[in-house]
Structure formats: C-alpha cells, structure tokens
C-alpha cells in the first residue's frame, strides 16, 4: 500500500515499500495526447505494482528519460548512484559489449521504480538477468519487429506461428505488446544458460519461423533483405542487450503500455487501446496474463536442439550488432550489396 502526502513547492511524497518517494512537479503534463501528468504516471505504476514487480523485480534496468515529457528530447541513463537524499537506492554492476562497466539501477521494489519516474523515466529497458545471478540469462525474448510495410495483422499472424512452433516444442511463450507496433514473446528459463547460448537459441527460432513462413517472416539481419516481412530480431538476446519492459509505459502522446496479454486475445488485441488510463482497469478485471510465469521456469534444450541441427547442416552464426566484437563462427559483417560490390 502507498500513502500520499503533499509538502511545499508542489511535491507529493508517496510512501511505497517502506520508503518516502518524492514526486516533484506532480501536475506536470507528461502525455500531451491525454493530459496525463507525472503523478498520474506514478499512480499507474502503483496500480500495476504486483505484475510489474513479478516481471522485472530484481533486474537491472536502463532508464530512458524524457525531462520535458513524451515528445520531448530524451536520453538513456545507465549509471545510477545513491544520494544523500536517497541512500537506499540499490545498484549493480553491468557491462557493455566492449567491457565498460557501470552501476545500473536494480528494480528491487516499487520505490525504485517511482524514484526513476520522478526523474522523467518513460520506459524501463530491462536486462534478461537478475542482479543476483548476472551470469545466467533466465529469459529469451522473441521480438517480432515490423519492417516498413508490415501491418499489425501481419504481426499477429507471425505471433500465431511463433506460438505454434513453441507448442510443438513443448515450450510456453508469454506474449505482450511492445507499446508500439510489435509483439514480444517471453520464455522464462531455468537460470542455467549464458547470454550467448540464449542468443543461439533465438537465432534458431528465427530461422525456423522463416523456413515455415518465408512469405511472412524473415530472419535476415540486413534490412535490404527483409522486404515487407516481420523480422524476428534474434539479437535482442545478445549478451548485455535490454528489452522494453512488461507493464512499462512508452513515451508517446497517449502513454501506451507494453502490456502482457493472453494468447486467446491475439486476434483482437489493439495496442493503441492499452494505455495508462485503461490498463489498470483491465488488470483488475482480467488479472495478470503472466501470473505463474516466474514459477514455471523452462529448459532451453528444445530450442538449442534447433541450433545444433542448423550447425550440423553447415549454417554459420548470424551477424552480431556492430557494437560487439567479431564472434567465433560469425560471417563477414558486411551488407550483401556491399559484399557484391567488393
């Protein structure tokens, strides 16, 4: 439960998780499309606290800050340090692909989330590891990314193909909207595999989906090869990559939410309708679609079997993002059109 008190200079103090969290300028309009304020955003996170913390509690988070609200300039903040005013902030060491380290905020409880909201955080980008076990990725995220010309109906169809494949393999996937035009499917894992192994499994899933529906789905890393198809962005599972968090609010004019949903809703789910104004009532009525996911930790082996089959068939690794060092088995990191010119 959270109490709410006002103090001078237009500040609201919320009592959350045993902490007093300040919300300065609570009446500041953050989402111009609806007039929702910074305090409205804080109250939204209070309303979805239980499923939010089930999804990202204990994980490092990258903060995307919009000091002037949605539509204004933004920047990413990875480095966080406790202050004299907030000595209770919890951080953990995270690393970039080139080995640079920093102290990132850990979403220990809702007080940490609201502390970031007060800084203008409109978007929590979440690591696939917990601060307690950074060596093992316990989530695989299948990112169904709309290329130019891809409609949301096509994203829905690609999600249905993804579910069919996972069902065939005996793996449970949990969908959510991205808060924009795509869909993410999460697989909660036993904490036994590192990020490289999880990415290998994601590459294999992308390639298998492309084999089954080459008209609809692509695993092509290079944009020039994708066409108007749904891209399965396997590199969202590369070590040190973050993904926009479940229940997190996007910086668009209406405060659209990256909202978990049931597979039965796939044919009707409408991302623009899932906002800070509608999602709390939806949660109260339907409950958490991801309830029980944390308790059902799965093996990566069925997906790694796809990877081993591809390796045995002579397929090389897929390209890595440019910020990563050259990886073993990776093909030349050159776009096909440039390779032909060379």
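Numbering (the working numbering), first residue to last: 52 to 393.
The C-beta atom is built at its ideal place from N, Cα and C for all residues, glycine as well.
Keep in mind that this is a model prediction, so the values were computed, not measured.
Spatial neighbours of residue 330 in its own chain (CB-CB distance under 7 Å, excluding positions within 5 residues in sequence) are listed in chain order as 99, 308 and 310. The Cβ-Cβ distance between residue 242 and residue 184 falls below 8 Å. Around the beta-carbon of residue 292, 16 or more other beta-carbon atoms lie within 10 Å, marking it buried. As the crow flies, the alpha-carbon of residue 273 is around 20 Å from that of residue 148.
Here residue 130 is actually not in contact with residue 146; their C-beta atoms are around 13 Å apart, not less than 8 Å. For residue 87 and residue 370, the gap between their C-alpha atoms comes out near 42 Å.
Going by C-alpha positions, residue 268 is about 47 Å away from residue 137. DSSP places residue 155 within a strand segment (E or B) once states are collapsed to three.
Counting C-beta pairs with one atom in each stretch, the segment 200-219 and the segment 323-339 have fewer than three that are closer than 8 Å, which means they do not touch.
Residue 117 and residue 208 have their C-alpha atoms some 33 Å from each other.
With a threshold of 16 other beta carbon atoms within 10 Å, residue 345 falls short and is exposed. Residue 214: member of the alpha helix (DSSP H) spanning 203-220, first to last residue. Here residue 91 carries a helix assignment [DSSP, helix/strand/coil]. Here residue 288 is not near residue 372, since their CB atoms are 8 Å or more apart.
Note on residue 170: under 16 other CB atoms within 10 angstroms of its CB, so exposed under the neighbour-count rule. Shown here, residue 128 sits in a strand according to DSSP, grouped into three states.
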